[in-house]
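Under numbering that gives the first Met the number 0, the sequence shown has 109 at position 110, and the numbering climbs by one with no breaks.
Positions of the beta carbon are idealized from the N, C-alpha and C atoms, including for glycine.
This report refers to the structure that appears directly beneath it.
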Amino acid sequence: MPNHSDFPLPSDFHAFPAPSRKSARPKNERLAFEVLAVVEEIPAGRVATYGQIARLIGREKNARLVGSVLANAAYYGRYPCHWVVNATGRLAPGWAEQADLLRAEGVELKDETHVSLKQYLWDN
0 MPNHSDFPLP SDFHAFPAPS RKSARPKNER LAFEVLAVVE EIPAGRVATY
50 GQIARLIGRE KNARLVGSVL ANAAYYGRYP CHWVVNATGR LAPGWAEQAD
100 LLRAEGVELK DETHVSLKQY LWDN
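Below is the structure:
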């Protein structure tokens, strides 16, 4: 299994698609850091779902909250948010680089917008 250092993030990497407006400071920084800490634990070459991360931080029903934190992750620095997909394995809409970053780590896509969760889901 590859590790994070095998796939360094490009210097111009954005944690998530850059928002169309300046990122607002998230209201709950502790929660944001909990989410981002879990994202950093995902092994390179694997993916996790928004719901999976929500469960891991004790907020099982808050997958959208995880997405909101990730949308503003650039506020905190560079995080490997490309490892997070929705419950069907769909990549984030409007973020073409996500597929490229995953492919560079050996993740094969089922089609242009989906990862096989059966094959690549992180078994935390």
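Where residue i falls: helix, strand or coil (DSSP)
i	result
Ala47	strand
Tyr119	helix
Ile41	coil
Glu59	coil
Counted within 10 angstroms of its Cβ, other Cβ atoms place residue i as buried (16 or more) or exposed
i	result
Thr87	exposed
Glu107	exposed
Pro92	exposed
Glu104	buried
Gln118	exposed
Arg77	exposed
Ala95	exposed
Pro18	Here the model assigns Pro18 a pLDDT of 47, short of 50, so the residue's position is not dependable, and the following value carries that caveat. By the 10 Å Cβ count, Pro18 comes out exposed.
Given residue i as reference, the closest of the options once Cα atoms are compared
i	options	result
Asp122	Trp94, Ile52, Tyr75	Ile52
His81	Arg89, Asp110, Lys117	Arg89
Leu116	Arg54, Asn85, Arg58	Asn85
Leu55	Leu69, Ala36, Arg45, Gly44	Ala36
Ala43	Tyr74, Leu101, Tyr75	Leu101
Arg45	Glu111, Gly66, Ala98	Ala98
List, from N- to C-terminal side, the beta strand (DSSP E) runs of 3 residues or more that fit wholly inside the segment 71 to 116. 108 to 110
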